[in-house]
Amino acid sequence: MAKLLTQNEWLEILPKVKYVLSDCDGVLWNGDRAIEGARECLAMLRELGKKICYVTNNSTKTRQDGVNHCRKLNFDAEVDDVYCTSYATGAYLKSKGVKSIYLIGSSALRKEIMMQGIICNELGPESSDGLWSSLKNMQLGNPVDAVVVGYDANFSIPKVCRAASYLLNPQCLFVATNEDQSLPTDRKDIVIPGTGCLVSCVQVAAGRPPVVIGKPHSTLVDLLRHDHPDLTPDNALFIGDRLNTDIELGRRQGFRTLLVETGTHKRTDINPEKPPTYYVPSLNDLLIYMK
1 MAKLLTQNEW LEILPKVKYV LSDCDGVLWN GDRAIEGARE CLAMLRELGK KICYVTNNST
61 KTRQDGVNHC RKLNFDAEVD DVYCTSYATG AYLKSKGVKS IYLIGSSALR KEIMMQGIIC
121 NELGPESSDG LWSSLKNMQL GNPVDAVVVG YDANFSIPKV CRAASYLLNP QCLFVATNED
181 QSLPTDRKDI VIPGTGCLVS CVQVAAGRPP VVIGKPHSTL VDLLRHDHPD LTPDNALFIG
241 DRLNTDIELG RRQGFRTLLV ETGTHKRTDI NPEKPPTYYV PSLNDLLIYM K
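According to the UniProt record's numbering, the sequence shown is numbered sequentially starting from 1.
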(Lines of atoms letter the chains of each structure in order from A and count residues from 1; the text may use other names and numbers.)
(Lines give C-alpha, C1' and ligand atoms only; values in the text may rest on other atoms or scores of the structure.)
Protein backbone atom coordinates (compact mmCIF):
# COMPACT_ATOMS: atom_id res chain seq x y z
CA MET A 1 0.00 0.00 0.00
CA ALA A 2 1.34 3.43 -0.95
CA LYS A 3 2.06 5.83 1.87
CA LEU A 4 2.21 9.60 2.09
CA LEU A 5 5.92 10.30 2.48
CA THR A 6 6.61 12.00 5.80
CA GLN A 7 9.57 14.18 6.68
CA ASN A 8 11.01 11.54 9.01
CA GLU A 9 10.77 8.85 6.33
CA TRP A 10 12.34 11.15 3.73
CA LEU A 11 15.28 12.01 5.98
CA GLU A 12 15.75 8.30 6.68
CA ILE A 13 15.71 7.38 2.97
CA LEU A 14 17.85 10.26 1.74
CA PRO A 15 21.28 8.96 2.83
CA LYS A 16 20.61 5.66 1.03
CA VAL A 17 19.78 7.32 -2.31
CA LYS A 18 22.61 7.98 -4.78
CA TYR A 19 20.57 8.25 -7.98
CA VAL A 20 17.44 10.34 -8.40
CA LEU A 21 15.72 9.33 -11.65
CA SER A 22 13.02 11.83 -12.50
CA ASP A 23 10.39 12.15 -15.16
CA CYS A 24 10.09 15.70 -16.48
CA ASP A 25 6.69 16.98 -17.65
CA GLY A 26 4.26 16.88 -14.75
CA VAL A 27 7.06 16.45 -12.21
CA LEU A 28 9.52 19.28 -12.84
CA TRP A 29 7.48 21.46 -15.13
CA ASN A 30 4.22 21.72 -17.00
CA GLY A 31 5.07 22.88 -20.51
CA ASP A 32 7.13 26.06 -20.16
CA ARG A 33 6.33 26.63 -16.49
CA ALA A 34 8.49 25.17 -13.73
CA ILE A 35 6.52 23.56 -10.92
CA GLU A 36 6.91 25.36 -7.61
CA GLY A 37 9.84 24.04 -5.60
CA ALA A 38 11.01 21.53 -8.22
CA ARG A 39 14.08 23.49 -9.32
CA GLU A 40 15.17 24.18 -5.76
CA CYS A 41 14.51 20.57 -4.72
CA LEU A 42 16.78 19.14 -7.42
CA ALA A 43 19.44 21.76 -6.69
CA MET A 44 19.46 20.78 -3.02
CA LEU A 45 19.61 17.07 -3.88
CA ARG A 46 22.56 17.79 -6.15
CA GLU A 47 24.29 19.71 -3.34
CA LEU A 48 23.84 16.61 -1.19
CA GLY A 49 25.78 14.59 -3.78
CA LYS A 50 22.87 12.92 -5.54
CA LYS A 51 23.13 12.16 -9.26
CA ILE A 52 20.10 13.58 -11.09
CA CYS A 53 18.98 11.85 -14.31
CA TYR A 54 16.10 13.09 -16.45
CA VAL A 55 14.19 10.07 -17.79
CA THR A 56 11.45 10.88 -20.30
CA ASN A 57 9.30 9.12 -22.88
CA ASN A 58 9.32 12.23 -25.08
CA SER A 59 10.65 11.25 -28.52
CA THR A 60 10.17 14.71 -30.06
CA LYS A 61 13.28 16.11 -28.37
CA THR A 62 16.95 15.20 -28.70
CA ARG A 63 19.14 14.94 -25.63
CA GLN A 64 20.44 18.43 -26.38
CA ASP A 65 16.87 19.72 -26.70
CA GLY A 66 16.23 18.29 -23.24
CA VAL A 67 19.25 20.11 -21.85
CA ASN A 68 18.14 23.35 -23.49
CA HIS A 69 14.66 23.08 -21.97
CA CYS A 70 16.09 22.34 -18.53
CA ARG A 71 18.37 25.35 -18.72
CA LYS A 72 15.60 27.57 -20.04
CA LEU A 73 13.70 26.83 -16.81
CA ASN A 74 16.91 27.11 -14.72
CA PHE A 75 17.38 23.40 -14.03
CA ASP A 76 21.00 22.24 -14.15
CA ALA A 77 21.57 19.63 -16.86
CA GLU A 78 24.24 18.18 -19.12
CA VAL A 79 23.66 15.97 -22.16
CA ASP A 80 24.72 12.86 -20.26
CA ASP A 81 22.00 13.53 -17.66
CA VAL A 82 19.17 13.19 -20.21
CA TYR A 83 17.67 9.80 -21.08
CA CYS A 84 14.95 10.31 -23.68
CA THR A 85 13.35 7.75 -25.99
CA SER A 86 14.75 9.38 -29.13
CA TYR A 87 18.29 8.70 -27.92
CA ALA A 88 17.42 5.29 -26.48
CA THR A 89 15.77 4.19 -29.73
CA GLY A 90 18.87 5.05 -31.73
CA ALA A 91 21.08 3.20 -29.27
CA TYR A 92 18.81 0.13 -29.37
CA LEU A 93 18.76 0.03 -33.17
CA LYS A 94 22.54 0.27 -33.32
CA SER A 95 22.86 -2.58 -30.81
CA LYS A 96 20.75 -4.75 -33.13
CA GLY A 97 22.91 -4.02 -36.16
CA VAL A 98 20.19 -2.05 -37.95
CA LYS A 99 21.46 -0.18 -41.03
CA SER A 100 18.27 1.34 -42.46
CA ILE A 101 14.77 2.10 -41.19
CA TYR A 102 11.38 3.44 -42.13
CA LEU A 103 10.49 6.09 -39.57
CA ILE A 104 7.15 7.49 -38.50
CA GLY A 105 8.22 10.19 -36.08
CA SER A 106 9.78 13.57 -35.42
CA SER A 107 12.87 15.35 -36.71
CA ALA A 108 14.47 14.97 -33.27
CA LEU A 109 13.98 11.21 -33.33
CA ARG A 110 15.38 11.07 -36.85
CA LYS A 111 18.42 13.10 -35.79
CA GLU A 112 19.22 10.83 -32.83
CA ILE A 113 18.84 7.71 -34.99
CA MET A 114 20.99 9.09 -37.80
CA MET A 115 23.68 10.03 -35.25
CA GLN A 116 24.07 6.25 -34.81
CA GLY A 117 24.95 5.92 -38.51
CA ILE A 118 21.55 4.54 -39.52
CA ILE A 119 19.92 5.44 -42.85
CA CYS A 120 16.47 6.98 -42.44
CA ASN A 121 13.72 8.23 -44.77
CA GLU A 122 12.81 11.90 -45.13
CA LEU A 123 9.94 13.06 -42.92
CA GLY A 124 6.78 15.07 -43.57
CA PRO A 125 3.34 14.24 -44.99
CA GLU A 126 3.06 11.27 -47.36
CA SER A 127 2.29 12.33 -50.90
CA SER A 128 -0.50 9.74 -51.28
CA ASP A 129 -4.09 10.92 -50.79
CA GLY A 130 -4.88 7.81 -48.74
CA LEU A 131 -7.51 6.47 -51.12
CA TRP A 132 -7.59 2.72 -51.72
CA SER A 133 -6.86 3.23 -55.40
CA SER A 134 -3.67 5.10 -54.50
CA LEU A 135 -2.55 2.85 -51.67
CA LYS A 136 -2.73 -0.35 -53.70
CA ASN A 137 -0.20 1.13 -56.14
CA MET A 138 2.23 2.37 -53.45
CA GLN A 139 5.90 1.86 -54.27
CA LEU A 140 7.87 0.79 -51.19
CA GLY A 141 11.38 1.18 -52.51
CA ASN A 142 14.29 -0.67 -50.93
CA PRO A 143 13.67 -3.02 -47.97
CA VAL A 144 14.50 -1.72 -44.49
CA ASP A 145 15.84 -3.44 -41.39
CA ALA A 146 13.30 -1.86 -39.05
CA VAL A 147 10.13 0.18 -38.81
CA VAL A 148 10.19 2.75 -36.01
CA VAL A 149 7.11 4.57 -34.71
CA GLY A 150 7.30 7.69 -32.55
CA TYR A 151 5.10 10.75 -32.21
CA ASP A 152 4.34 12.19 -35.66
CA ALA A 153 2.09 15.20 -36.19
CA ASN A 154 1.80 14.14 -39.86
CA PHE A 155 0.59 10.63 -39.06
CA SER A 156 -1.64 9.23 -41.80
CA ILE A 157 -3.18 6.13 -43.38
CA PRO A 158 -0.50 6.07 -46.12
CA LYS A 159 2.20 5.92 -43.43
CA VAL A 160 0.42 3.03 -41.73
CA CYS A 161 0.18 1.28 -45.09
CA ARG A 162 3.88 1.71 -45.79
CA ALA A 163 4.95 0.64 -42.28
CA ALA A 164 2.72 -2.44 -42.19
CA SER A 165 3.86 -3.44 -45.67
CA TYR A 166 7.52 -3.33 -44.66
CA LEU A 167 6.59 -5.41 -41.61
CA LEU A 168 5.31 -8.23 -43.82
CA ASN A 169 8.97 -9.24 -43.78
CA PRO A 170 9.38 -11.20 -40.52
CA GLN A 171 13.04 -10.15 -40.34
CA CYS A 172 12.08 -6.48 -40.22
CA LEU A 173 12.12 -5.20 -36.62
CA PHE A 174 9.12 -3.27 -35.31
CA VAL A 175 10.16 -0.69 -32.72
CA ALA A 176 8.05 1.88 -30.86
CA THR A 177 9.48 4.74 -28.83
CA ASN A 178 6.72 4.51 -26.22
CA GLU A 179 3.05 3.68 -25.72
CA ASP A 180 1.77 6.76 -23.86
CA GLN A 181 -1.93 7.02 -24.64
CA SER A 182 -2.13 10.81 -24.37
CA LEU A 183 0.00 13.94 -24.12
CA PRO A 184 -0.12 16.24 -21.09
CA THR A 185 -2.34 19.32 -21.25
CA ASP A 186 -3.68 21.80 -18.71
CA ARG A 187 -7.12 21.59 -20.29
CA LYS A 188 -9.61 19.11 -18.86
CA ASP A 189 -11.93 19.15 -21.90
CA ILE A 190 -9.32 18.06 -24.47
CA VAL A 191 -7.56 14.73 -25.09
CA ILE A 192 -4.36 14.93 -27.13
CA PRO A 193 -3.58 11.45 -28.51
CA GLY A 194 -0.11 10.18 -27.66
CA THR A 195 2.34 7.91 -29.43
CA GLY A 196 0.54 4.81 -28.18
CA CYS A 197 -2.40 5.61 -30.44
CA LEU A 198 -0.11 5.74 -33.48
CA VAL A 199 1.68 2.55 -32.47
CA SER A 200 -1.63 0.73 -32.05
CA CYS A 201 -2.66 1.60 -35.61
CA VAL A 202 0.51 0.13 -37.08
CA GLN A 203 0.38 -2.87 -34.74
CA VAL A 204 -3.17 -3.76 -35.76
CA ALA A 205 -2.36 -3.36 -39.46
CA ALA A 206 0.89 -5.34 -39.20
CA GLY A 207 -0.55 -8.05 -36.98
CA ARG A 208 2.38 -8.09 -34.58
CA PRO A 209 3.52 -6.17 -31.51
CA PRO A 210 6.53 -3.85 -31.34
CA VAL A 211 9.55 -3.76 -29.11
CA VAL A 212 8.78 -0.76 -26.90
CA ILE A 213 11.70 1.42 -25.81
CA GLY A 214 10.11 3.81 -23.32
CA LYS A 215 8.79 3.47 -19.78
CA PRO A 216 7.68 1.11 -18.29
CA HIS A 217 9.94 -1.12 -20.40
CA SER A 218 13.57 -1.63 -19.46
CA THR A 219 15.62 -0.09 -22.30
CA LEU A 220 16.03 3.33 -20.67
CA VAL A 221 17.19 1.70 -17.44
CA ASP A 222 19.52 -0.59 -19.41
CA LEU A 223 21.20 2.56 -20.78
CA LEU A 224 21.36 4.08 -17.32
CA ARG A 225 23.01 0.95 -15.94
CA HIS A 226 25.49 0.91 -18.83
CA ASP A 227 26.53 4.47 -17.98
CA HIS A 228 26.28 4.01 -14.20
CA PRO A 229 27.21 0.40 -13.33
CA ASP A 230 26.70 1.01 -9.61
CA LEU A 231 23.01 1.88 -10.05
CA THR A 232 20.99 -0.58 -7.95
CA PRO A 233 17.47 -0.85 -6.52
CA ASP A 234 18.91 0.02 -3.11
CA ASN A 235 20.43 3.35 -4.16
CA ALA A 236 17.86 4.63 -6.68
CA LEU A 237 14.67 6.65 -6.35
CA PHE A 238 12.32 7.01 -9.33
CA ILE A 239 10.03 10.06 -9.28
CA GLY A 240 7.09 10.37 -11.66
CA ASP A 241 3.55 11.55 -12.20
CA ARG A 242 2.26 8.61 -14.26
CA LEU A 243 1.47 5.35 -12.51
CA ASN A 244 1.44 3.24 -15.69
CA THR A 245 4.84 4.42 -16.98
CA ASP A 246 7.06 6.08 -14.38
CA ILE A 247 5.94 4.22 -11.29
CA GLU A 248 5.47 0.92 -13.12
CA LEU A 249 9.03 1.11 -14.49
CA GLY A 250 10.41 1.75 -11.03
CA ARG A 251 8.28 -1.04 -9.57
CA ARG A 252 9.49 -3.56 -12.18
CA GLN A 253 13.10 -2.58 -11.50
CA GLY A 254 12.73 -2.81 -7.73
CA PHE A 255 13.44 0.90 -7.20
CA ARG A 256 11.87 3.04 -4.53
CA THR A 257 9.17 5.03 -6.30
CA LEU A 258 7.59 8.38 -5.53
CA LEU A 259 4.38 9.62 -7.15
CA VAL A 260 3.96 13.39 -7.29
CA GLU A 261 0.49 14.78 -7.85
CA THR A 262 1.47 17.71 -10.08
CA GLY A 263 0.85 15.85 -13.33
CA THR A 264 -1.35 13.08 -14.70
CA HIS A 265 -2.17 10.86 -11.72
CA LYS A 266 -3.22 11.47 -8.12
CA ARG A 267 -3.29 9.27 -5.02
CA THR A 268 -6.91 8.38 -5.80
CA ASP A 269 -5.72 6.72 -9.04
CA ILE A 270 -3.36 4.31 -7.28
CA ASN A 271 -3.98 0.62 -7.91
CA PRO A 272 -3.40 -1.11 -4.56
CA GLU A 273 -1.87 -4.06 -6.42
CA LYS A 274 0.74 -1.83 -8.16
CA PRO A 275 1.34 1.06 -5.78
CA PRO A 276 4.25 3.48 -5.63
CA THR A 277 6.38 3.21 -2.52
CA TYR A 278 5.33 6.73 -1.52
CA TYR A 279 3.41 9.74 -2.79
CA VAL A 280 3.58 13.47 -2.08
CA PRO A 281 1.63 16.41 -3.48
CA SER A 282 4.76 17.87 -5.16
CA LEU A 283 8.54 18.15 -5.05
CA ASN A 284 8.03 21.29 -3.03
CA ASP A 285 7.15 18.99 -0.12
CA LEU A 286 10.56 17.31 -0.35
CA LEU A 287 12.20 20.74 -0.44
CA ILE A 288 10.40 21.74 2.76
CA TYR A 289 11.40 18.45 4.38
CA MET A 290 15.09 19.17 3.66
CA LYS A 291 15.13 22.72 5.01
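Backbone N, C-alpha and C define an ideal beta-carbon position, used for all residues, glycine too.
A quick note: this is a predicted structure, and the numbers were derived from the prediction, not measured.
- With respect to residue 112, residue 90 sits close: the two C-beta atoms are nearer than 9 Å.
- Our two residues, residue 38 and residue 128, have alpha carbons roughly 46 Å apart in a direct line.
- Taking C-beta atoms as the reference points, residue 60 and residue 86 count as a pair closer than 9 Å.
- At a cut-off of 4 residues, the continuous stretches assigned as alpha helix (DSSP H) that sit fully inside the segment 89-166 are 107-114, 132-135 and 157-166.
- Judged by DSSP secondary structure, residue 56 falls within the beta strand (DSSP E) whose first and last residues are 51-56.
- Contact annotation, residue 281 with residue 261: C-beta distance approximately 5 Å; criterion of less than 8 Å satisfied.
- With contacts defined by Cβ atoms closer than 9 Å, residue 55 and residue 237 do not form a contacting pair.
- Using a Cβ-Cβ distance cut-off of 8 Å, the segment 147-156 and the segment 100-116 are in contact, since at least three pairs of beta carbons, one from each stretch, lie closer than that value.
- The C-beta of residue 142 has fewer than 16 other C-beta atoms within 10 Å across all chains shown, which makes the residue exposed.
- Residue 240 carries a strand assignment under DSSP once its states are collapsed to helix, strand and coil.
- Residue 229 sits in coil when the DSSP states are folded into three classes, being neither helix nor strand.
- The C-alpha of residue 40 is placed about 13 Å away from the C-alpha of residue 52.
- Between the C-alpha atoms of residue 92 and residue 219 there is a straight-line separation of about 8 Å.
- Between residue 203 and residue 193, the beta carbon gap of about 15 Å keeps them out of contact (Cβ cut-off 8 Å).
- The Cβ-Cβ distance between residue 82 and residue 63 falls below 9 Å.
- If you draw a straight line from the Cα of residue 207 to the Cα of residue 198, it comes to about 14 Å.
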